[in-house]
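Q: Just passing along the structure, written as structure tokens.
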């Protein structure tokens, strides 16, 4: 009897720190307890689990399992935020419940964004075309300057409208998956931005495996994500070296896409902040919809992946993500 | 060159028509699919610019009807970003090219011109001159001073692909995908070796190519006009 009482008290006491951790991070459902630690780690020192209510979660534990009270954040393929929480004796994977207020806000934003993008795309397209007609007429220099300003501003608006529409479409579920050569995707994204790189005096290169490497992706969505990453690197990450390199590398099971810039460097906190919809980089007021990285995150989440940030040797940032390689 | 524009929104139609006229096209514009089909059947334009969303028939239906005509009429489909990609991809009657709105005026004209070059080459045995070399896309033959240049099938296919996309840079994997096909199991060295052989065959000075260029760290592109 005394023993049972002691065990109960001990269990209650042991539960307090974990309960505290849980309550300080809103309500957290324990999703699935994982065995610790060696059995979790595969050759890449990543924690994988393919069972439970989500199809696959991958945590990067290259720096070891999280210490008690610390978490490594991940994301499931259905977009549920997942954390690997360090607890006494190991770690627990927990699914953070979606915040109903945030969910409702996302839903309203998605509806609004979609309607807005639909309703303004056609008039914007018409405005752009008609401005182009005016620009080709014999008009006075001040009028030409005004037309150029209108064209520039309009291009910005169109970018915002397109990003908004892309974002809301991704929220509603991405495109159909097809098998595609990984290198060709990276090359196409780079080729689309060569003119911009040239105009900025930047070196933009792409390095892909010479062997056949195939991924199963929503082609249009993944291309958009890659273009956004390269475009961001050109806009915010040139620094003095003005060098952006896209690399695709593969091992037997995975394919890594990496975009390395030569800018001032990003921390994982910066990345988390910039990945929020409508948040722009510090001091950035001229271009972009503030949806670029949020779109990347949506695309990657739909593919069961997530963006990783690391410093680049010699200065700059490497943003990368990993996809499963389709068996040859 | 005669082009039929099928676009239901007057605000878009009213700039597409003068835009194409400015570039020397003879333009007829329609707001519905059925009107457009009647005109296309009757007058066989050189190219059709077709919006995917129309009030009566869908652009896809119009495209299918155009494909049933005895004579081949090239189609450029104007698609919105919100067009269902699956629907387009899975559709049996393919357009020859797809241009996503918002339309960039110069780009649209360039794409229509490129399509016309491709289709007229296929139809009329169009010959493209690259310096002193003539490339006959229909006979699939390259000639210098009238004498055929020996080229392998893949070398010619690579050359023809680059001619159809002048000025556009392609990576080696992209070229492998387009020319060898997505199921080809070899590696990108195939592209490099074909490219150097093409240079030897086509260029006056393969070390300083005037038409078949490399873009360092990215891939290759072709210019129709010589570029130092």
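Protein chains in written order, with this note's numbering: chain P, 1166 to 1493; chain E, 5 to 232.
Glycine included, each C-beta is placed from N, C-alpha and C at the ideal position.
Here the structure is a predicted model, which means the values were calculated and not measured.
If we count the other Cβ atoms within 10 Å of its Cβ and call it buried at 16 or more, is residue 209 (chain E) buried or exposed?
A: The residue is exposed, with fewer than 16 neighbouring Cβ atoms inside 10 Å.
Q: Confirm, please, whether the CB-CB distance from residue 135 (chain E) to residue 40 (chain E) is below 8 Å.
A: No, Cβ-Cβ distance for residue 40 (chain E) and residue 135 (chain E) is not below 8 Å.
Q: Please report the Cβ distance between residue 1396 (chain P) and residue 175 (chain E), rounded to the nearest whole angstrom; I am assuming they are in contact, meaning their Cβ atoms lie under 8 Å.
A: The Cβ separation is near 18 Å, so there is no contact.
Q: Return the bridge partner residues of residue 134 (chain E) from the DSSP annotation.
A: Beta-bridge pairing links residue 134 (chain E) to E:137.
Q: In the DSSP output, which residue or residues are listed as bridge partners for residue 102 (chain E)?
A: Bridge partners of residue 102 (chain E): E:81.
Q: Please report how far the alpha carbon of residue 53 (chain E) lies from the alpha carbon of residue 172 (chain E), in whole angstroms.
A: Cα to Cα, the separation comes out at about 22 Å.
Q: Would you please verify whether the beta carbon of residue 174 (chain E) is less than 8 Å from any beta carbon of chain P?
A: It does: the Cβ of residue 174 (chain E) has a partner Cβ on chain P nearer than 8 Å.
Q: Could you compute how far the alpha carbon of residue 1428 (chain P) sits from the alpha carbon of residue 113 (chain E)?
A: Rounded to the nearest angstrom, the two C-alpha atoms are 37 Å apart.
Q: Per DSSP, what are the beta-bridge partners of residue 178 (chain E) in this structure?
A: Bridge partners of residue 178 (chain E): none, in fact.
Q: Taking the C-alpha atoms as reference points, what is the distance between residue 1284 (chain P) and residue 1490 (chain P)?
A: Computed Cα separation, rounded: 40 Å.
Q: If I measure Cβ to Cβ from residue 30 (chain E) and keep anything under 6 Å in the same chain, skipping five residues before and after, which residues do I get?
A: The residues are 6.
Q: Taking C-beta to C-beta, are residue 1387 (chain P) and residue 1346 (chain P) nearer than 8 Å?
A: Not closer than 8 Å, so no.
Q: From which residue to which residue does the alpha helix (DSSP H) around residue 1392 (chain P) run?
A: First-last of the alpha helix (DSSP H) with residue 1392 (chain P): 1384-1401.
Q: Given a cut-off of 8 Å, decide if residue 9 (chain E) and residue 20 (chain E) are closer than it, judged by their beta-carbon atoms.
A: Yes, these two residues count as a Cβ contact at 8 Å.
Q: So which of P:1403, P:1352, P:1306 has the shortest CA-CA distance to residue 223 (chain E)?
A: Answer by Cα proximity: P:1352.
Q: For residue 1436 (chain P) and residue 1482 (chain P), I'd like the C-alpha separation in whole angstroms.
A: Approximately 11 Å, taken between the alpha carbons.
Q: How about the segment 1458-1477 of chain P and the segment 1324-1338 of chain P: do they share at least three Cβ pairs that are nearer than 8 Å?
A: Verdict: yes, contact present.
Q: Taking a contact to mean a Cβ-Cβ separation below 8 Å, would you say residue 1343 (chain P) touches residue 1384 (chain P) in this structure?
A: Yes.
Q: Within the 8 Å Cβ cut-off, does residue 111 (chain E) reach chain P?
A: False, the Cβ-Cβ gap to chain P never drops below 8 Å.
Q: Establish whether the CB of residue 1289 (chain P) and some CB of chain E are separated by less than 8 Å.
A: Yes, residue 1289 (chain P) counts as interfacial toward chain E.
Q: For residue 1208 (chain P), which of helix, strand or coil comes out of DSSP?
A: Residue placement at residue 1208 (chain P) cannot be trusted, given a pLDDT of 43 that sits under 50; what the coordinates show is reported in the next sentence. Three-state result, residue 1208 (chain P): coil.
Q: Where does residue 152 (chain E) sit, in a helix, a strand or coil, going by DSSP?
A: Strand.
Q: So residue 223 (chain E) is in the beta strand (DSSP E); what residue range does that whole segment cover?
A: Per DSSP, residue 223 (chain E) belongs to the beta strand (DSSP E) from 223-226.
Q: For chain P, find out if any of its Cβ atoms is closer than 8 Å to the Cβ of residue 12 (chain E); answer yes or no.
A: Residue 12 (chain E) does not count as touching chain P.
Q: Just to confirm the assignment, what range does the alpha helix (DSSP H) spanning residue 1345 (chain P) have?
A: That residue, residue 1345 (chain P), is in no alpha helix (DSSP H); its beta strand (DSSP E) goes 1343-1346.
Q: Tell me whether residue 1492 (chain P) sits in a helix, a strand or coil according to DSSP, three-state version.
A: Three-state result, residue 1492 (chain P): coil.
Q: Helix, strand or coil for residue 1321 (chain P), going by three-state DSSP, please let me know.
A: Helix at residue 1321 (chain P).
Q: Does the CB of residue 1393 (chain P) have a neighbour CB from chain E at under 8 Å?
A: No, because no Cβ of chain E sits closer than 8 Å to the Cβ of residue 1393 (chain P).
Q: Show which residues of chain P have a CB atom less than 9 Å away from the CB atom of residue 15 (chain E).
A: Here the neighbours are 1287, 1288, 1290, 1291, 1292, 1294, 1295.
Q: Give me, in chain order, the residues of the same chain whose beta-carbon lies closer than 6 Å to that of residue 84 (chain E); leave out the 5 immediate sequence neighbours on both sides.
A: Only 105 meet the Cβ criterion.
Q: Around the C-beta of residue 116 (chain E), are 16 or more other C-beta atoms found within 10 angstroms, so that it is buried, or is it exposed?
A: That one is buried.
Q: Please compile the residues from chain E whose C-beta is within a distance smaller than 8 Å of the C-beta of residue 1402 (chain P).
A: What residue 1402 (chain P) touches in chain E: nothing, since even the nearest Cβ is about 17 Å away.
Q: Return the residue from the list P:1488, P:1371, P:1356, P:1327 that minimises the CA-CA distance to residue 1287 (chain P).
A: Measuring from the Cα of residue 1287 (chain P), the nearest candidate turns out to be P:1327.
Q: Within 8 Å (strictly less), CB to CB, does residue 192 (chain E) reach chain P?
A: Chain P contact via Cβ: present.
Q: Of the choices E:163, E:225, E:133, E:46, whose alpha-carbon is the least far from that of residue 73 (chain E)?
A: Out of E:163, E:225, E:133, E:46, E:46 has the C-alpha closest to the C-alpha of residue 73 (chain E).
Q: Does DSSP put residue 30 (chain E) in a helix, a strand or coil?
A: Three-state result, residue 30 (chain E): strand.
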